[in-house]
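**Q** Using our numbering, the final residue of the sequence shown is 533, and nothing's skipped along the way.
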Amino acid sequence: MTATTFEHYPENVGILAMEMYFPSRCVDQSEMETFDGVSAGKYTIGLGQEKMAFIDDREDIQSICLTAVHNLMEKYNIAYTDIGRLEVGTETIIDKSKSVKTTLMTLFGEHGNYEIEGIDTTNACYGGFNAFSNAVNWIESSSWDGRYAIVIAGDLALYASGAARPTSGAGVVAMLIGKNAPIVVERGLRSTHMEHAYDFYKPDMHSEYPVVDGKYSNTCYLAAFDACYNRYMGRLGKALNKEKPSMDDIDYLVCHSPYAKLVNKSFARASYNDFLKDPENEKFAPLAGFKEVSYAESLENRDLEKACVGMTKAGYAQKVGPAAFVPKQIGNMYTAAVWSGLASLISEVDSETLKDKRVLLYSYGSGLAASMISFRITGSTDGIKQKLNLRERLAARTIAKPEDFAEAMAIREKTHNVRDYVPSGNLDHIASGVYYVEKIDDKWRRFYKRKD
Ligand code: ACO
Numbered sequence: 082m083t084a085t086t087f088e089h090y091p092e093n094v095g096i097l098a099m100e101m102y103f104p105s106r107c108v109d110q111s112e113m114e115t116f117d118g119v120s121a122g123k124y125t126i127g128l129g130q131e132k133m134a135f136i137d138d139r140e141d142i143q144s145i146c147l148t149a150v151h152n153l154m155e156k157y158n159i160a161y162t163d164i165g166r167l168e169v170g171t172e173t174i175i176d177k178s179k180s181v182k183t184t185l186m187t188l189f190g191e192h193g194n195y196e197i198e199g200i201d202t203t204n205a206c207y208g209g210f211n212a213f214s215n216a217v218n219w220i221e222s223s224s225w226d227g228r229y230a231i232v233i234a235g236d237l238a239l240y241a242s243g244a245a246r247p248t249s250g251a252g253v254v255a256m257l258i259g260k261n262a263p264i265v266v267e268r269g270l271r272s273t274h275m276e277h278a279y280d281f282y283k284p285d286m287h288s289e290y291p292v293v294d295g296k297y298s299n300t301c302y303l304a305a306f307d308a309c310y311n312r313y314m315g316r317l318g319k320a321l322n323k324e325k326p327s328m329d330d331i332d333y334l335v336c337h338s339p340y341a342k343l344v345n346k347s348f349a350r351a352s353y354n355d356f357l358k359d360p361e362n363e364k365f366a367p368l369a370g371f372k373e374v375s376y377a378e379s380l381e382n383r384d385l386e387k388a389c390v391g392m393t394k395a396g397y398a399q400k401v402g403p404a405a406f407v408p409k410q411i412g413n414m415y416t417a418a419v420w421s422g423l424a425s426l427i428s429e430v431d432s433e434t435l436k437d438k439r440v441l442l443y444s445y446g447s448g449l450a451a452s453m454i455s456f457r458i459t460g461s462t463d464g465i466k467q468k469l470n471l472r473e474r475l476a477a478r479t480i481a482k483p484e485d486f487a488e489a490m491a492i493r494e495k496t497h498n499v500r501d502y503v504p505s506g507n508l509d510h511i512a513s514g515v516y517y518v519e520k521i522d523d524k525w526r527r528f529y530k531r532k533d
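1. Hey, ASN152 and GLU114 are a contact pair by Cβ (cut 8 angstroms); roughly how many whole angstroms apart?
2. Alpha carbon to alpha carbon, what distance is there between PRO326 and PHE348?
3. Starting from the N-terminal side, write out each stretch of the alpha helix (DSSP H) that is 4 residues or longer and does not extend beyond the region 102-171.
4. Could you give the DSSP three-state label for LYS530: helix, strand or coil?
5. Do CYS389 and the ligand ZN come close, with the Cβ less than 8 angstroms from some heavy atom?
6. Using CA atoms only, rank isn't needed, just tell me which of ASP437, ASN322 and CYS206 is closest to TYR282.
7. Can you give me the C-alpha to C-alpha distance between PHE103 and GLU361, rounded to a whole angstrom?
8. In the structure shown, what three-state DSSP assignment does ASN218 receive?
9. If I follow the unbroken beta strand (DSSP E) through ARG457, where does it start and stop?
10. Out of ILE136, TYR502 and GLY464, which has the shortest C-alpha to C-alpha gap to ALA491?
11. Should ASP437 be labelled buried (16 or more other beta-carbon atoms within 10 Å of its own) or exposed?
12. Identify which residue in VAL266, PHE116 and GLN110 has its Cα closest to the Cα of HIS93.
13. So LEU334 is in the beta strand (DSSP E); what residue range does that whole segment cover?
14. Could you tell me if THR173 is buried or exposed, where buried requires 16 or more neighbouring beta carbons within 10 angstroms of its beta carbon?
15. THR184 to GLN143, Cα distance in whole Å?
16. So is the beta-carbon of ASP280 under 8 angstroms away from any non-hydrogen atom of the ligand ACO?
17. In three-state terms, what does DSSP make of ASN204?
18. For the ligand ACO, I want to know if GLU386 counts as a neighbour, meaning its beta carbon is within less than 8 angstroms of at least one of the ligand's heavy atoms.
19. Thinking VAL150 and ILE220 are a contact (beta carbons under 8 angstroms), I'd like their distance in whole angstroms, please.
20. Please tell me whether PHE406 and GLU429 are closer than 9 angstroms, where the distance is taken between their beta carbons.
21. Look at the alpha carbon of THR434 and the alpha carbon of ALA512, and state the distance between them as a whole number of angstroms.
22. Under 8 angstroms, with one C-beta from each stretch per pair, do the region 191-201 and the region 164-172 reach the 3-pair mark?
23. Where does GLU519 sit, in a helix, a strand or coil, going by DSSP?
24. Cα separation between ASP280 and VAL292?
25. Using C-beta distances below 8 angstroms, list every residue in its chain close to ASP285, excluding the 5 sequence neighbours before and after it, in chain order.
26. I'd like to know if the region 117-133 and the region 397-414 are in contact, where contact means that at least 3 CB-CB pairs between them fall below 8 angstroms.
27. Less than 9 angstroms between the C-beta atoms of ALA487 and SER120, yes or no?
28. Which runs of the beta strand (DSSP E), 3 residues or longer, sit entirely within the region 220-250?
29. Sort GLU363, THR459, ALA212 and LEU237 by Cα distance to ILE175 and report the nearest one.
30. Give me the residue from ARG531, LEU423 and GLY165 with the minimum Cα distance to TRP225.
31. Quick one: complete alpha helix (DSSP H) runs, 4+ long, within the region 292-354?
32. Is ILE309 close to the ligand ACO? I mean its beta-carbon at under 8 angstroms from any heavy atom of the ligand.
33. Shorter than 8 angstroms, the distance from the beta carbon of GLY127 to the closest heavy atom of the ligand ACO, or not?
34. Is LEU321 near the ligand ACO, in the sense that its beta carbon is under 8 angstroms from a heavy atom of that ligand?
35. Should ALA262 and LEU441 be called a contact, given that it needs their Cβ atoms to be closer than 9 angstroms?
36. Please confirm whether ARG531 has its beta-carbon closer than 9 angstroms to some beta-carbon of chain B.
As structure tokens, this is what we get:
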């Protein structure tokens with residue numbers, strides 16, 4: 082028996098194309114502050130969010146994924162028969178058996194392609210990362226048939242009214258995966274951390290809303306970040322033959338973004354981890370007084386957090402800011418949030434600047450599952466940036482009133498799991514080229530149409 086070696090793998094496996102779908106309506110977070118009667122700045126500064134996308138009962142997880150796949154294929158002129166794997170990461174469950182992937186097969190069936198591997202993956206916001214890993218692993222395996230893979234990460238991030246609601250949002254990222262990509266996965270560096278935690282979960286099948294212990298979920302997120310970061314850095318150190326690899330070896334950081342402030346804190350946390358490995362280094366002077374803080378205390382210590390955030394302010398603007406732009410404009414998208422950060426980076430930084438840069442990506446899903454990988458930008462990202470056209474598309478959205486958002490949430494609550502139903506949402510809110518729910522019949526079967 083001969084072991085397969087790296088030489089047999091296709092080269093430069095990674096992301097060849099990206100498309101993003103987000104709803105045409107959003108609310109302004111400062112108006113939400115007034116509407117919710119909280120202090121000015123709580124959502125915009127405290128959480129760091131600007132806009133929050135929402136949908137009513139006219140769209141569901143399947144319709145938004147149909148839109149994303151169709152637009153990816155159309156914009157990049159990809160043949161449906163060239164796809165050999167389609168992976169979906171989502172935690173928006175509308176059926177306990179039938180996957181979203183099988184519904185997406187309607188698009189491929191129309192072109193006679195029924196041989197497509199892959200299925201849905203669910204674990205909070207982590208499903209998209211798992212879907213991505215499955216696609217990359219397939220291309221790097223003996224099962225690969227030479228065709229492309231598509232990864233879909235999409236969710237409706239919905240919360241009951243209360244502290245978590247301003248971290249709602251909705252969106253999908255679709256990616257074409259293959260060899261000789263401009264955005265290449267760096268081999269041998271991936272790190273993972275998984276454990277059991279009840280920080281955010283969805284045990285109530287009659288509700289779209291999670292049960293969430295918000296503060297605890299933040300701590301879980303940051304602790305999993307530490308674990309992934311330190312494992313990743315251990316591997317990077319070996320790869321670079323460097324004793325103390327650090328954030329200096331990373332050009333950009335993209336994190337799962339439930340809200341921007343937590344991403345800011347993660348970046349600060351990376352430097353804290355670097356400091357622990359190199360405490361005498363002059364550049365960490367502002368943290369000198371925190372050498373003796375225990376690990377558990379480090380996750381709670383506000384002075385330490387403040388010192389880390391202050392010390393990394395300039396680095397944040399350069400290394401994290403470009404990836405934070407889009408999630409700030411849409412809100413949480415659960416599985417899609419981290420990939421929307423990558424789309425944001427590609428859109429905000431020109432291709433020349435990105436060339437040869439290392440992008441570190443952190444995916445977190447409650448419960449909990451987390452991983453970290455890095456990409457190397459080896460080719461032009463101009464085409465992806467132009468096709469995403471995110472700044473223009475985000476600016477073209479309708480800014481709805483908070484009352485419209487509340488009404489849309491009320492309609493969704495009332496009609497969750499219903500059958501024999503025609504959605505009441507106004508089709509004027511559906512843009513052209515977007516799929517919507519036409520009806521749900523008496524057997525809960527869903528029918529979709531694409532708006533001309
Ligand atoms: N101006 C400026 N900042 C303000 C203001 C104001 N007027 N009011 C409050 N703030 C700050 C607070 O100081 C706090 O800052 P800090 O995070 O640096 O401490 C921040 O705004 C949040 O306010 P809090 O009162 O501490 O928290 P709140 O009760 O609003 O809950 C939370 C925030 C926990 C994030 C909530 O929105 C939530 O549960 N969200 C969903 C869970 C989540 O996203 N978890 C993240 C990982 S898991 C996942 O991805 C789903």
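Built from N, CA and C at the ideal position, the CB exists for glycine as well. Just so you know, these numbers come straight off a predicted model, no measurement behind them.
**A** Walking through what the data contain:
1. Taking the first residue of the sequence shown as position 1, residue 152 is located at position 71. Taking the first residue of the sequence shown as position 1, residue 114 is located at position 33. Their Cβ separation, rounded to whole angstroms, is 33 angstroms, which puts ASN152 and GLU114 out of contact at 8 angstroms.
2. Along the sequence shown, one-based indexing puts residue 348 at 267. Along the sequence shown, one-based indexing puts residue 326 at 245. Cα to Cα, PHE348 sits roughly 15 angstroms from PRO326.
3. 110-117 and 142-156
4. As a working note, residue 530 is residue 449 in the sequence shown. Three-state result, LYS530: strand.
5. Annotation note on the ligand ZN: not contained in the displayed structure, which lists the ligand ACO as its ligands.
6. Counting from one through the sequence shown, the residue named residue 282 turns up at place 201. TYR282 has its Cα closest to that of CYS206, out of ASP437, ASN322 and CYS206.
7. If you number the sequence shown from 1, residue 103 lands on position 22. If you number the sequence shown from 1, residue 361 lands on position 280. Roughly 46 angstroms separates the two Cα atoms.
8. As a working note, residue 218 is residue 137 in the sequence shown. Looking at ASN218 - three-state DSSP - the assignment turns out to be helix.
9. As a working mapping, residue 457 is identified with position 376 in the sequence shown. It spans 450-458 - the beta strand (DSSP E) in which ARG457 sits, taken as one unbroken run.
10. As a working note, residue 491 is residue 410 in the sequence shown. The shortest Cα separation from ALA491 among ILE136, TYR502 and GLY464 belongs to ILE136.
11. As a working note, residue 437 is residue 356 in the sequence shown. Burial call: exposed.
12. Counting from 1 along the sequence shown, the entry for residue 93 is found at position 12. Residue 93 is actually Asn in this sequence, not His. That would be VAL266, whose Cα lies nearest to the Cα of ASN93.
13. Along the sequence shown, read from residue 1 onward, the residue named residue 334 stands at position 253. Taken as a continuous stretch (DSSP letters only), the beta strand (DSSP E) holding LEU334 covers 333-336.
14. Here residue 173 is taken as the residue at index 92 of the sequence shown, counted from 1. Its Cβ being crowded by 16 or more others within 10 Å, THR173 is buried.
15. Numbered from 1 along the sequence shown, position 103 holds the residue referred to as residue 184. Numbered from 1 along the sequence shown, position 62 holds the residue referred to as residue 143. Straight across, the Cα-Cα distance linking THR184 with GLN143 is about 7 angstroms.
16. The sequence position of residue 280 within the sequence shown is 199, counting from 1. Within the cutoff, so yes.
17. Against the sequence shown, residue 204 aligns to sequence position 123. Three-state result, ASN204: strand.
18. As a first step, residue 386 is located in the sequence shown; it is residue number 305 there, counting from the start. GLU386 Cβ: within cutoff of the ligand ACO.
19. Translated into positions along the sequence shown, residue 150 becomes position 69. Translated into positions along the sequence shown, residue 220 becomes position 139. About 19 angstroms separates the two Cβ atoms, so there is no contact after all.
20. Counting from 1 along the sequence shown, the entry for residue 406 is found at position 325. Counting from 1 along the sequence shown, the entry for residue 429 is found at position 348. In contact: PHE406 and GLU429 (Cβ atoms closer than 9 angstroms).
21. Taking the first residue of the sequence shown as 1, we reach residue 434 at position 353. Taking the first residue of the sequence shown as 1, we reach residue 512 at position 431. Approximately 33 angstroms, taken between the alpha carbons.
22. yes
23. Locating residue 519 in the sequence shown gives position 438, where the first residue counts as 1. In the structure shown, GLU519 sits in a strand (DSSP, three-state: E or B).
24. In the sequence shown, residue 280 corresponds to position 199, counting from 1. In the sequence shown, residue 292 corresponds to position 211, counting from 1. So the alpha carbons of these two residues sit roughly 8 angstroms apart.
25. If you number the sequence shown from 1, residue 285 lands on position 204. Same-chain partners within the cutoff: VAL292.
26. Verdict: yes, contact present.
27. For the purposes of this step, residue 487 is taken as the residue at position 406 of the sequence shown. For the purposes of this step, residue 120 is taken as the residue at position 39 of the sequence shown. Cβ distance not < 9 angstroms, so ALA487 and SER120 don't count as in contact.
28. 229-238
29. As a first step, residue 175 must be located in the sequence shown, where it is residue number 94. If we check each option's Cα against that of ILE175, LEU237 comes out closest.
30. Residue numbering aside, residue 225 sits at position 144 when the sequence shown is read from its first letter. Nearest C-alpha to TRP225: GLY165.
31. With a minimum length of 4 residues, the continuous alpha helix (DSSP H) runs that stay inside the region 292-354 are 295-321.
32. Within the sequence shown, the letter at position 228 stands for residue 309. It is Cys, not Ile, that sits at residue 309 in the sequence shown. No - the ligand ACO has no heavy atom lying nearer than 8 angstroms to the Cβ of CYS309.
33. Position 46 of the sequence shown, counting from 1, holds the residue named residue 127. Yes, since a heavy atom of the ligand ACO falls inside the 8 angstroms radius drawn around the Cβ of GLY127.
34. Translated into the one-based positions of the sequence shown, residue 321 becomes position 240. Every heavy atom of the ligand ACO is 8 angstroms or more from the Cβ of LEU321, so no.
35. Position 181 of the sequence shown, counted from the first residue, corresponds to residue 262. Position 360 of the sequence shown, counted from the first residue, corresponds to residue 441. No, the Cβ-Cβ distance between ALA262 and LEU441 is not below 9 angstroms.
36. The structure shown contains no chain B; it holds only a single protein chain.
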